[in-house]
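Contents: one structure, followed by commentary.
There are 2 protein chains.
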Amino acid sequence: MFMHQGNMVRVGKKPVLSYVVACVTLFNSGKSEIMVRARGRSIPKAIETVGMLRRSFLKELVVKSVNIGSEDIKRYDGQGASVSTIEITLAKKEDAVQKVTQL
Amino acid sequence: MFMHQGNMVRVGKKPVLSYVVACVTLFNSGKSEIMVRARGRSIPKAIETVGMLRRSFLKELVVKSVNIGSEDIKRYDGQGASVSTIEITLAKKEDAVQKVTQL
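If you read the sequences in order, they're chains P and B.
Its first residue numbered -14, the first sequence is counted upward by one per residue in our numbering.
Its first residue numbered -14, the second sequence is counted upward by one per residue in our numbering.
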């Protein structure tokens, strides 16, 4: 599935709540599906973001898919390295149900 | 799906390679499906473990499912806290193919 930048929240060094708010904003702007993406040490924070979203803000949220992988990055010293990635696709429950009934 | 302890690798503070070896040992002992599990800051290491396994040791490996969640833990000071979890289910490709053709 192609997911363009406008539907994506990249989790990094800010507090969890910043990313929760970013997700809520995307859903409120009319997106029915968003992707939460993180690399390396930020991965636990991406999972926390999804947990907090579902517990406190958007209870009808469904985790549609979780993809794990790795990315090649270049360090400051020029050496290549590999970093783990996670991509969590979230959808509102009503949309998920619609997609099932369309099959 | 019920996954009993004998099929599970819990990723913690040891180096990635320890967990890779643990997974290879399980597959070599005849298991066709194993689960790699981690909490909190060890989650990126669980994803690295799976990446290293697939790249270097068991190329026919398939990620069957990735589950994210959270667990309530009790800190040393008695306070409750919540920690993110990941559960990655891995299967040998031949088994995955068998399961598809059985449907």
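All C-beta atoms in this analysis are idealised placements derived from N, C-alpha and C, irrespective of residue type, glycine included.
Can you tell me the Cα-Cα spacing of residue i and residue j, whole angstroms?
i	j	result
Ala23 (chain P)	Tyr61 (chain B)	29 Å
Thr70 (chain B)	Ile53 (chain B)	6 Å
Val35 (chain P)	Lys78 (chain P)	14 Å
Gly63 (chain P)	Ser14 (chain P)	40 Å
Glu72 (chain B)	Arg(-5) (chain P)	22 Å
Ser67 (chain P)	Ile32 (chain B)	12 Å
Phe(-13) (chain B)	Glu45 (chain B)	With a pLDDT of 49 at Phe(-13) (chain B), under the threshold of 50, the predicted position of this residue should be treated as unreliable, though the coordinate-derived value follows. Those two C-alpha atoms are separated by around 23 Å.
Arg39 (chain P)	Leu2 (chain B)	34 Å
Gly65 (chain P)	Ser55 (chain P)	13 Å
The alpha helix (DSSP H) spanning residue i covers which residue range?
i	result
Ser3 (chain B)	Val1 to Asn13
Lys30 (chain B)	Ile28 to Met37
Using the beta-carbon of each residue, which ones in chain B are nearer than 7 Å to residue i?
i	result
Glu33 (chain P)	Ser69
Val1 (chain P)	The premise fails here: Val1 (chain P) is roughly 10 Å from chain B at the closest Cβ pair, so nothing lies under 7 Å.
Val9 (chain P)	None at all; the shortest Cβ gap to chain B is about 19 Å.
For residue i, report the span of its beta strand (DSSP E) as first-last.
i	result
Glu45 (chain P)	Here Glu45 (chain P) belongs to no beta strand (DSSP E), and DSSP marks it neither H nor E.
Lys16 (chain B)	Lys16 (chain B) -> no beta strand (DSSP E), and no H or E assigned at all.
Lys(-2) (chain B)	Taken as a continuous stretch (DSSP letters only), Lys(-2) (chain B) belongs to no beta strand (DSSP E), as it is neither H nor E.
Mind listing the chain P neighbours of residue i? Cutoff is C-beta to C-beta under 7 Å, in chain order.
i	result
Val47 (chain B)	Correct list: empty, because the minimum Cβ distance to chain P is about 12 Å.
Distance cutoff 8 Å, beta carbons only. Does residue i sit that close to anything in chain C?
i	result
Arg(-5) (chain P)	The structure shown contains no chain C; its protein chains are P and B.
List the whole-angstrom C-beta distance separating residue i from residue j, where the pair is believed to meet the contact cut-off of C-beta under 8 Å.
i	j	result
Leu43 (chain P)	Val9 (chain P)	7 Å
What does DSSP give as the partner residue(s) for residue i in the beta ladder?
i	result
Gly63 (chain P)	Answer is none; Gly63 (chain P) lacks a bridge partner.
Asn52 (chain P)	P:Glu72
List the residues of chain P whose Cβ lies closer than 8 Å to the Cβ of residue i, in chain order.
i	result
Ser55 (chain B)	Ile32, Glu33 and Gly36
Ile73 (chain B)	Ile53
Against residue i, what residues of chain B qualify as contacts under a CB-to-CB distance less than 8 Å, listed in chain order?
i	result
Gly25 (chain P)	Pro29
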